[in-house]
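Notes for the one structure printed next.
Protein chains: 2
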Amino acid sequence: MSWEDNLRKISPYVAGEQPKIKGRIIKLNTNECPYPPSPDVARALKELDPSDLRLYPDPEYTDIRLALSEVYSVPSNRIFVGVGSDDVLATSFMAFFNGQRPVVFPDVTYSFYRVWCGLFRVPYRLIPLDSDLKIDPDDYKGEWGGILFPNPNAPTGVLMGLDRVEELVKSHPECVVICDEAYIDFGGESALSLTDRYENLLVVQTTSKSRSLAGLRVGWAFGSEKLISCLSDVRNSFNSYTMNRPAIACSAAAIRDVESLKRNTGMVIKTRERIASALSEMGFDMPESSANFVFCGRKGTSAQDLFKALRNDGIFVRYFPGDRTGERLRVSIGTDEDMDEFLKFLGNYKGD
Amino acid sequence: MSWEDNLRKISPYVAGEQPKIKGRIIKLNTNECPYPPSPDVARALKELDPSDLRLYPDPEYTDIRLALSEVYSVPSNRIFVGVGSDDVLATSFMAFFNGQRPVVFPDVTYSFYRVWCGLFRVPYRLIPLDSDLKIDPDDYKGEWGGILFPNPNAPTGVLMGLDRVEELVKSHPECVVICDEAYIDFGGESALSLTDRYENLLVVQTTSKSRSLAGLRVGWAFGSEKLISCLSDVRNSFNSYTMNRPAIACSAAAIRDVESLKRNTGMVIKTRERIASALSEMGFDMPESSANFVFCGRKGTSAQDLFKALRNDGIFVRYFPGDRTGERLRVSIGTDEDMDEFLKFLGNYKGD
């Protein structure tokens, strides 16, 4: 018997590359917002008293919950906050997916879902997207241990309408349904309003994308009191203080500044529409995106080769090998200048 | 079948109160350092560019690992960093305690250990401290799924000598041994040097206490490459980016400022010795503390009543109900002024 026998063997999630190379880099690979966060974040950062860092942060991160409560009109006991939406989702796996039945999610989706199933030993089943790369609620018939999907979906960018989300939640009272809305601010309608009526619906959002705060690691969930209280119990059994003082102060400030959110997402959406048209004109095909990225591919062009060629030129996009995903690239929407460089590269690209 | 059937039922850890009352508060209940962190923390905070917050943080938190590597002369692939030592310990439970045999730890110790066993469904057994409230390695004979103890122990403050730690690690090649050194800088000798020789030893430390950064949530582990790589795999299967940009910048700065660490811990130790003498003179009994708190009780004085009376006067200390713990109070070492107020209160205290 050796200590090595008890180590956990797992295949971790592989995040998009955070390039450390020198020289020109156009970073369109991890769906960050190209614009700086709300100026109120700078102010909150400046107002932080470094000597207060000696004290533990508020374990109930009251400031963040108050800000969310004000902006989204949700009582603060129906809000849970974590270290980015990944932390919220991981905690949800522990909190909600403890049955024998498999948890289900789309075959083409956020690849971390599978990793969490592996880590927490949760059985799962993949439900294929339809031929238009859409989630069809009819394909989810049956009784499950949980249902989980991003809306808009990633890496497709495809939005499911609120009526269809409701259909899914309503027809699955046997399990918790998680609507992962990391990209909802780029053109979708949130399922938040449904959490008033469906106790088993959890809606997860983040400051990382639309609020330009990927570097701060703050995400949250809206849900019924029961779901939120279960999440909090799990969190308090893992780490009592997850949100540090800078994260609390800066994210609360960013959440309250709804104008900056609208302005930044508006600019991203405008650029996205322009790029989608330009890509179509160049023969690229992509599902309509409601996110801050497009998922584009072209018949006769190897996505993997294009990915490598772009990378060699300092343009980082995301390539997901695999059956349907491997035909396309996921390209985050950057500034107009960044995107023009990307288009210029494509215009000159001849393949191998 | 209802969604509620799959919720996880657990009893979370209860942290020391973070008082929100107005008026005079003397906070001696969560072992925070009474002195501000290194001035380099203020500098690092000021130098943070808020617009960089739009980008994900370095997932390998290179700056923190480099700082630790420099200060402790440990290669950076033998360092793991988390959101406080609680996050490091929780991740260690998932990474290392996956066998059938029980994990063992002292009966009087950090109460979070039991909570993690509950959360991760790890079987455990408590090994009683000896009559002097000491950990005796001879009591750990047998083969276990893991061994875990704070050194100095909490809430006793009692330090185990390095030779005895080595004895324990050496005689248990069947499991990972975790030496939780949250309080080591207040007078103990770290087991770090042993990690060169024992692949199954993990040494966990934190910036929360001795570096006055409880509000920043940064802790780490030193261990063999194998242990660290397993921890990283688990972390990357839970949340790719746990350390936000302010945490990385500020903790790296604090770790490098060894002078501030020495000065602050020196002041705390000096106050602790004075308070220990004063308490003894007042008839209180306590094991010799090598931490930033004392664990004191007095025959004929109800610890619970004293706890309540102190709280009514705005003096917060920690009371742990239970067999041996309930006879004493854990009192964090504050400034000399704070401690004089505490002593003054005791001098006037008559009981109920």
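Residue numbers (the working numbering), protein chains in the order written: chain A, -15 to 336; chain B, -15 to 336. Ideal Cβ placement from N, Cα and C applies to all residues, glycine included. Just so it is clear, the structure is predicted and the values come from calculations on it, not from any experiment.
To which residues does DSSP link Y108 of chain A through a beta bridge?
Taking the first residue of the first sequence as position 1, residue 108 of chain A is located at position 124. Beta-bridge pairing links Y108 of chain A to A:V87.
Quick one: list the residues of chain B neighbouring T14 of chain A, beta-carbon separation under 9 Å, in chain order.
Walking along the first sequence from the start, residue 14 of chain A turns up at place 30. Here the neighbours are L39 and Y40.
Measure the CB-CB distance between E325 of chain A and I299 of chain A and report whether it falls below 8 Å.
Taking the first sequence and counting its residues from 1, the one referred to as residue 325 of chain A is at position 341. Taking the first sequence and counting its residues from 1, the one referred to as residue 299 of chain A is at position 315. Result yes, Cβ atoms of E325 of chain A and I299 of chain A sit closer than 8 Å.
Identify the continuous beta strand (DSSP E) that holds A205 of chain A and give its terminal residues.
Position 221 of the first sequence holds residue 205 of chain A. Taken as a continuous stretch (DSSP letters only), the beta strand (DSSP E) holding A205 of chain A covers G203 to F206.
Measure the alpha-carbon distance for L327 of chain A versus E321 of chain A and round it to whole angstroms.
Counted from its first residue, the first sequence places residue 327 of chain A at position 343. Counted from its first residue, the first sequence places residue 321 of chain A at position 337. So the alpha carbons of these two residues sit roughly 10 Å apart.
Using a Cβ-Cβ cut-off of less than 8 Å, give me the residues of the segment 59 to 81 of chain B that come near chain A, in sequence order.
V67, G68, D70, D71, A74, M78, A79, F80 and F81
Whose C-beta lies closer than 8 Å to the C-beta of G310 of chain A among residues of the same chain, with five residues either side of it excluded?
Looking up residue 310 of chain A in the first sequence gives position 326. So the list reads A287, Q288, Y303 and F304, once near-sequence residues are dropped.
With a CB to CB cut of under 7 Å and the five nearest residues on each side skipped, what residues in its chain are close to F64 of chain B?
What you label residue 64 of chain B is simply residue 80 of the second sequence in a count that begins at 1. Cβ neighbours of F64 of chain B beyond the five flanking positions: V72, W204, A205, I212, L215 and S216.
G267 of chain A CB to nearest chain B CB: under 8 Å?
Stepping through the first sequence from its first residue, residue 267 of chain A is reached at position 283. No, G267 of chain A does not count as interfacial toward chain B.
Taking the C-alpha atoms as reference points, what is the distance between D339 of chain A and S(-14) of chain B?
Within the shown structure, residues of chain A are numbered from -15 to 336, placing residue 339 of chain A beyond reach of any answer.
If you drop the 5 nearest sequence neighbours on each side, which residues of the same chain put their C-beta closer than 8 Å to that of F56 of chain A?
Translated into positions along the first sequence, residue 56 of chain A becomes position 72. The sequence shown places Tyr at residue 56 of chain A, not Phe. For Y56 of chain A, where only same-chain residues beyond five positions count, the Cβ hits under 8 Å are L176 and F206.
Is V149 of chain A near C163 of chain A, with beta carbons less than 8 Å apart?
One-based indexing of the first sequence puts residue 149 of chain A at position 165. One-based indexing of the first sequence puts residue 163 of chain A at position 179. In this structure, C163 of chain A lies closer than 8 Å to V149 of chain A by Cβ.
Comparing C-alpha positions only, which one of A:L37, A:G318, A:M78 and A:D307 sits nearest to R38 of chain B?
Working through the second sequence from its first residue, we reach residue 38 of chain B at position 54. Among A:L37, A:G318, A:M78 and A:D307, the Cα nearest to that of R38 of chain B is on A:G318.
Using beta carbons (cut-off 8 Å, strictly below), is L197 of chain B in contact with chain A?
As a first step, residue 197 of chain B must be located in the second sequence, where it is residue number 213. Yes, L197 of chain B counts as interfacial toward chain A.
Please identify, using Cβ separations under 9 Å, the residues of the segment 210 to 229 of chain A that lie next to chain B, in order along the chain.
K210, L211, C214, S216, D217, V218, R219, N220, S221, F222, N223, S224, Y225, T226, M227, N228 and R229
Is K193 of chain A buried or exposed, if buried means 16 or more other CB atoms sit within 10 Å of its CB?
For the purposes of this step, residue 193 of chain A is taken as the residue at position 209 of the first sequence. By the neighbour-count rule (16 or more Cβ atoms within 10 Å), K193 of chain A is buried.
With burial defined as no fewer than 16 other Cβ atoms inside 10 Å of the residue's Cβ, what is the status of V202 of chain A: buried or exposed?
As a first step, residue 202 of chain A is located in the first sequence; it is residue number 218 there, counting from the start. Answer is buried; the Cβ neighbour count reaches 16.
Should S155 of chain A be flagged as near chain B, meaning a C-beta pair shorter than 8 Å?
Reading the first sequence from its first residue, position 171 is the one you call residue 155 of chain A. With 8 Å as the cut-off, S155 of chain A does not count as an interface residue toward chain B.
So that I know if they touch, is there some Cβ in chain B lying closer than 8 Å to that of S261 of chain A?
The residue given as residue 261 of chain A occupies position 277 in the first sequence. Chain B, which has no Cβ nearer than 8 Å to the Cβ of S261 of chain A, makes this no.
Which stretch, first to last residue, makes up the beta strand (DSSP E) that contains V188 of chain A?
Counting from one through the first sequence, the residue named residue 188 of chain A turns up at place 204. L185 to T190 is the span of the beta strand (DSSP E), which, as asked, contains V188 of chain A.
Buried or exposed: E209 of chain B, going by 16 or more other Cβ atoms within 10 Å of its Cβ?
The residue given as residue 209 of chain B occupies position 225 in the second sequence. When all chains shown are included, E209 of chain B counts as exposed.
Can you grab the Cα-Cα spacing for the pair R109 of chain A / K125 of chain A, in whole Å?
The residue labelled residue 109 of chain A in the question sits at position 125 within the first sequence. The residue labelled residue 125 of chain A in the question sits at position 141 within the first sequence. Near 13 Å, if we compare the C-alpha coordinates of K125 of chain A and R109 of chain A.
Note down the Cα distance separating V160 of chain A from E151 of chain A, rounded to an integer number of angstroms.
By 1-based counting over the first sequence, the position of residue 160 of chain A is 176. By 1-based counting over the first sequence, the position of residue 151 of chain A is 167. Looking at the two C-alpha atoms, the distance is approximately 14 Å.
Can you name the start and end residues of the alpha helix (DSSP H) that D71 of chain B belongs to?
Residue numbering aside, residue 71 of chain B sits at position 87 when the second sequence is read from its first letter. Its alpha helix (DSSP H) spans residues G68 to F80.
Here's the rule: buried if 16 or more other CB atoms are within 10 angstroms of the residue's CB, otherwise exposed. What is I168 of chain A?
The sequence position of residue 168 of chain A within the first sequence is 184, counting from 1. I168 of chain A is buried by the Cβ-count criterion.
Comparing the C-beta of Q2 of chain B with each C-beta of chain A, is any distance below 8 Å?
Walking along the second sequence from the start, residue 2 of chain B turns up at place 18. Chain A, which has a Cβ nearer than 8 Å to the Cβ of Q2 of chain B, makes this yes.
How many whole angstroms separate the CB atoms of D70 of chain A and F96 of chain A, which I take to be in contact at a CB cut-off of 8 Å?
To locate residue 70 of chain A, count along the first sequence from 1; it is residue 86. To locate residue 96 of chain A, count along the first sequence from 1; it is residue 112. Confirmed, Cβ separation roughly 7 Å.
Using only CA atoms, which one of A:D297, A:F268, A:V252 and A:T285 lies nearest to F277 of chain A?
Translated into positions along the first sequence, residue 277 of chain A becomes position 293. Nearest option by C-alpha distance: A:V252.
Could you give the DSSP three-state label for V(-2) of chain A: helix, strand or coil?
Indexing the first sequence from 1 puts residue -2 of chain A at position 14. Three-state result, V(-2) of chain A: coil.
Could you name the residues of the segment 127 to 141 of chain B whose beta carbon sits closer than 8 Å to any beta carbon of chain A, in the order they occur along the chain?
E127, G129 and G130
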